[in-house]
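The structure under discussion appears below in the form of structure tokens.
There are 2 protein chains.
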Amino acid sequence: MDLSPLLEWLAIPSVSTDPARKEDVRRAALWLEERLKALGFRTELHETPLHPILYAERLLEGAPTVLVYGHYDVQPPDPLELWETPPFSPTVREGRLYARGASDDKGQLFAHVAALEGLEAPVSIKFLVEGEEEIGSPSLLPFVRANRERLKADAVLISDGAMFAPGVPTLTYGLRGLCYLEVRLFGARRDLHSGAFGGVAPNPIQALGWILARLKDEGTGKVLIPGFYEKVRPVPQEEKALWPALDEEALKRELGVEVLPGEEGYGPLERLWARPTLDPNGVWGGYQGEGSKTVIPKEAGMKLSLRLVPDQDPEEVAELAEAHLRALLPPGYRLEVKRLHGGKPVLTDPFSPPMRLMAKALEEVWGRPPVYAREGGTIPVVAELKEALGAPIVLLGLGLPDDNLHAPNEKLDLVNLEKGVAAIRRFYELLAASPA
Amino acid sequence: MDLSPLLEWLAIPSVSTDPARKEDVRRAALWLEERLKALGFRTELHETPLHPILYAERLLEGAPTVLVYGHYDVQPPDPLELWETPPFSPTVREGRLYARGASDDKGQLFAHVAALEGLEAPVSIKFLVEGEEEIGSPSLLPFVRANRERLKADAVLISDGAMFAPGVPTLTYGLRGLCYLEVRLFGARRDLHSGAFGGVAPNPIQALGWILARLKDEGTGKVLIPGFYEKVRPVPQEEKALWPALDEEALKRELGVEVLPGEEGYGPLERLWARPTLDPNGVWGGYQGEGSKTVIPKEAGMKLSLRLVPDQDPEEVAELAEAHLRALLPPGYRLEVKRLHGGKPVLTDPFSPPMRLMAKALEEVWGRPPVYAREGGTIPVVAELKEALGAPIVLLGLGLPDDNLHAPNEKLDLVNLEKGVAAIRRFYELLAASPA
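Top to bottom, those sequences are chains A and B.
Numbered according to this note's numbering, the first sequence spans residues 1 to 436.
Numbered according to this note's numbering, the second sequence spans residues 1001 to 1436.
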């Protein structure tokens, strides 16, 4: 399979969260538009306040219709110094393709483009591709609502996730949601000398510590935001029976840890797939340089994300979290909370007709039936597509849990890219042959 | 008074903690050496592994001898964007001189140099000036121990502190000590996607929060390190009677706060001068950029300082703190503690003969007697000079509490510089005239 077009696409640093990369994000959209045009698609680039939405369609009267969703934007590459090869200089080593976006999501989306080369099965195909997935899809959600009719399909096909394990084809039927906050704490009006003022000055770093300790319980791993667990739907026993076994020892080895810390009373797989979590994703304040500086900083801050499960709502959780943060604020401090983005959790039918067809295609290509899994990550548009279009959704992850998503040395195993292309093509053939 | 030499000196960015500034630190030493040579001093530049120690002497047979201590290094200027004029472009505005080092300590040390211009009183003067004060004086302490005899003096004179308030000449008789640690926490072996791993992964930022919350009690402001307060010497009632009154409302206005948070059961002045404290001075981890990145970082860290009072010992406190940090470490994390620097607390005799002479000089120049104060900051060499030389120590602060030490827009009020020069000159005259 010819990787050169994908290498070219991955070389474009389409970091959607970085205002300095706006033009690069656009270039990545135009690159895909050209590619789809060459495959006979009619394309439309929809401008938004941030990054354009690419819609493309290749329709066949009377044929079943599939809507493919993906995103051409990527996470920031920091910390740069930890990459073995530069994030935007795609490199193949030992059967793996290394680059920011290799797995999330350009590489996986590319499989859907490559699957169309020489495809003869009569199917109508629509592509809906955004450049704001990594920042919460703010433009795509209203676009989907406004374009229900045009986006209509018999199945929605999405590859923006991971297989359960190497060699195990996986169909995903659930995703967690997300609520992402930026929290800033302010103390004195200026930075202070810790000798001259230590003992009377508010210290926002210390206050951040007090707050963090009361956001998540150290002993039980429970999130301490009042009301947080109220809408969490328990997992029925028959659903758990579907789940594959998690190799905890392998996971520990992979992460380089001796324990898998998490919420008391739940196993690791349930904690990853069906329990909500809270994690600070960044923290800053005061002096971070070499050596020592005896300063009491006037402010400190953190990024905080909560992964949500059905039926938690990102807006509601943001309200609860903000109220709790305000309640925890010690006297003498000021607090600012910014809601950066959110996404609803979603559950789909694991045995819908297109899921059954994809299961068959996967079994033919991999030589074993797929496992059924939820995923801990979030694709904000999936809940929206489910609500707006009412079509069955097929989540086909082609990545792997060790793909270093959102981390240095992101990669995609080429064997999964190749088998993915074959499975997607076979899916179209099965769909074209199935009774309407 | 001619400020141009001082402006020239302040323009040299002698940041001792920054390896990239090594040559600049040296230039600042050489600048002072030239200046003292021009005043008839015999000078010696002593090389150390980091920044040179400048020793200079101008001796008169039979005259009383004064040792002047100061430092030519400065704190880092970050955050740069908050300076109204650049930190190393000294600027005079409304009777104040703005520059990094204007008050701490080049400006104050310059007063001691300027006081010698045209001085006729017969006194022997020695200068001991280092470039490592802001990083804990690692070279100076052994130097003092090894050179006791040469450094011998009838009084040690130091200006590296602040007056109690504007217009209030101040003699300082106590300083807090310092124990400064860098703490780093490690979780998984690599950065992780918070969706794919949130629920099973250690989060070093969260763990830092749990630890911070158990280093200092939110309710009482007490440091929670076991044994921390054991050697703290209570302040006798008669000493407190010496203390000036603190204008708490003015301090709150200055800091822009509504409360002065601190240790329960002690007034603000006692907390600043005679109670130990703990303050995180920096914190970092994960994503700090614009927007959102859903990462669980593999590590996080903080800088932590403890201000100490008699009879706490920095080494002992570092042991206690490190043991407590290790005890607080949740399972699944690894901890690294680096001791960056320390300094012993010190108390001197407020009514020694040279202190009495300086009190007289101050009263003549300012038209009011000085107040007697302790200071919350640390000058590591003072305890060492006291022990090694046994000479009375005169701490004459010419700065002010709002000088923005270790913060943006550091400044020195020129009126204090000028009166300081006059008082120091008058002190030498009184000393020369006093019976041996």
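Ideal placement from N, C-alpha and C gives every residue a C-beta, glycine not left out.
Span separating the alpha-carbon of residue i from that of residue j
i	j	result
Lys1338(B)	Glu33(A)	53 Å
Gly397(A)	Asp105(A)	10 Å
Gly1187(B)	Arg334(A)	31 Å
Phe1427(B)	Glu1336(B)	49 Å
Glu249(A)	Thr277(A)	22 Å
Gly136(A)	His341(A)	5 Å
Glu288(A)	Pro236(A)	The sequence as given places Gln at residue 288(A); Glu does not occur at that position. Cα to Cα, Gln288(A) sits roughly 47 Å from Pro236(A).
Val283(A)	Ile1205(B)	7 Å
Leu242(A)	Ser1292(B)	34 Å
Ala1407(B)	Leu192(A)	6 Å
Leu63(A)	Pro166(A)	Checking the sequence, you will find Ala at residue 63(A) rather than Leu. Rounded to the nearest angstrom, the two C-alpha atoms are 34 Å apart.
Phe1127(B)	Glu84(A)	52 Å
Glu1238(B)	Val1365(B)	28 Å
Glu1290(B)	Pro76(A)	10 Å
Tyr1266(B)	Pro142(A)	58 Å
Leu1140(B)	Arg253(A)	48 Å
Ala1383(B)	Pro1345(B)	7 Å
Glu1230(B)	Tyr1372(B)	27 Å
Asp313(A)	Pro350(A)	22 Å
Asp1311(B)	Phe1228(B)	11 Å
For residue i, three-class secondary structure by DSSP
i	result
Gly1195(B)	helix
Tyr229(A)	coil
Ser103(A)	coil
Arg96(A)	strand
Glu1133(B)	helix
Glu1264(B)	coil
Pro1280(B)	strand
Leu1308(B)	strand
Ala1188(B)	coil
Ile1296(B)	strand
Ser1004(B)	helix
Lys1419(B)	helix
Proximity of residue i and residue j at Cβ, strictly below 7 Å
i	j	result
Gly286(A)	Asn1409(B)	no
Arg42(A)	Glu57(A)	yes
Gly301(A)	Glu264(A)	no
Val68(A)	Arg100(A)	no
Lys1421(B)	Ala1115(B)	As written in the sequence, residue 1421(B) is Val, which differs from the Lys given in the question. Closer than 7 Å, so yes.
Met1163(B)	Leu1347(B)	no
Gly1134(B)	Ser1014(B)	According to the sequence as given, residue 1134(B) is Glu; it is not Gly. Cβ atoms of Glu1134(B) and Ser1014(B): not closer than 7 Å.
Arg1035(B)	Val1123(B)	no
Glu131(A)	His46(A)	The residue asked about is misnamed: residue 131(A) is Gly in this sequence, not Glu. No, the pair does not count as a contact, with Cβ atoms beyond the cut-off.
Val156(A)	Ala391(A)	yes
Leu269(A)	Leu246(A)	yes
Ala1028(B)	Ile1012(B)	yes
Val1259(B)	Gly332(A)	yes
Lys298(A)	Arg425(A)	no
Ala214(A)	Leu328(A)	The sequence given here has Arg at residue 214(A), not Ala. Cβ atoms of Arg214(A) and Leu328(A): closer than 7 Å.
Leu1030(B)	Pro1090(B)	no
Leu359(A)	Ala121(A)	Residue identity check: residue 359(A) is Ala in the sequence provided, not Leu. Cβ distance not < 7 Å, so Ala359(A) and Ala121(A) don't count as in contact.
Ile1296(B)	Asn1203(B)	yes
Thr172(A)	Leu395(A)	yes
8 Å contact criterion, which residue i and residue j should meet: CB distance rounded
i	j	result
Pro169(A)	Leu357(A)	So it is not a contact: roughly 13 Å between Cβ atoms.
Gly1070(B)	Asp1217(B)	In fact, because the Cβ distance is near 38 Å, the residues do not count as touching under 8 Å.
Arg176(A)	Gly376(A)	5 Å
Gly199(A)	Gly1262(B)	5 Å
Leu181(A)	Ala321(A)	6 Å
Val1066(B)	Ala1207(B)	Rounded, the Cβ-Cβ distance is 52 Å, inconsistent with contact.
Ala388(A)	Arg96(A)	Ala388(A) to Arg96(A), Cβ: 36 Å. No contact.
Contact residues within the stretch 1104-1135 of chain B, judged by C-beta distance below 9 Å to chain A: Of all residues in the stretch 1104-1135 of chain B, Asp1104, Glu1134 and Ile1135 have a Cβ within less than 9 Å of some Cβ in chain A.
Taking a cut of 8 Å between CB atoms, which residues from the stretch 1207-1241 of chain B lie near chain A? Of all residues in the stretch 1207-1241 of chain B, only Leu1208, Gly1209, Trp1210, Ile1211, Leu1212, Ala1213, Arg1214, Leu1215, Lys1216 and Glu1218 come within less than 8 Å of chain A when Cβ atoms are compared, listed by chain position.
What residues from the stretch 415-429 of chain A come within 7 Å of chain B, judged by C-beta to C-beta, listed N to C? Correct list: empty, as no residue qualifies.
Residues from the stretch 1052-1063 of chain B in contact with chain A, defined by Cβ distance under 7 Å: Answer set for the stretch 1052-1063 of chain B: empty.
Using a Cβ-Cβ cut-off of less than 7 Å, give me the residues of the stretch 1009-1024 of chain B that come near chain A, in sequence order. Residues Thr1017, Asp1018 and Pro1019.
What residues in the stretch 74-94 of chain A have a beta carbon less than 9 Å from any beta carbon of chain B? Across the stretch 74-94 of chain A, CB contacts with chain B closer than 9 Å involve Gln75, Pro76, Asp78, Pro79 and Leu82, in sequence order along the chain.
In the stretch 1165-1190 of chain B, which residues sit with their C-beta less than 8 Å from some C-beta in chain A, listed in chain order? Among the residues of the stretch 1165-1190 of chain B, those with a Cβ less than 8 Å away from any Cβ of chain A are Arg1176, Leu1178, Tyr1180, Glu1182, Gly1187, Ala1188, Arg1189 and Arg1190, in the order of the chain.
Contacting positions in the stretch 1264-1281 of chain B - beta carbon closer than 7 Å to chain A: In summary, the residues of the stretch 1264-1281 of chain B whose CB is separated from some CB of chain A by less than 7 Å are Pro1268, Arg1271, Leu1272, Arg1275, Thr1277, Asp1279, Pro1280 and Asn1281, in the order they occur in the chain.
Name, going along the chain, the residues of the stretch 195-206 of chain A whose beta-carbon falls closer than 8 Å to a beta-carbon of chain B. Per Cβ criterion, the list reads Gly195, Ala196, Phe197, Gly198, Gly199, Val200, Ala201, Pro202, Asn203, Ile205 and Gln206.
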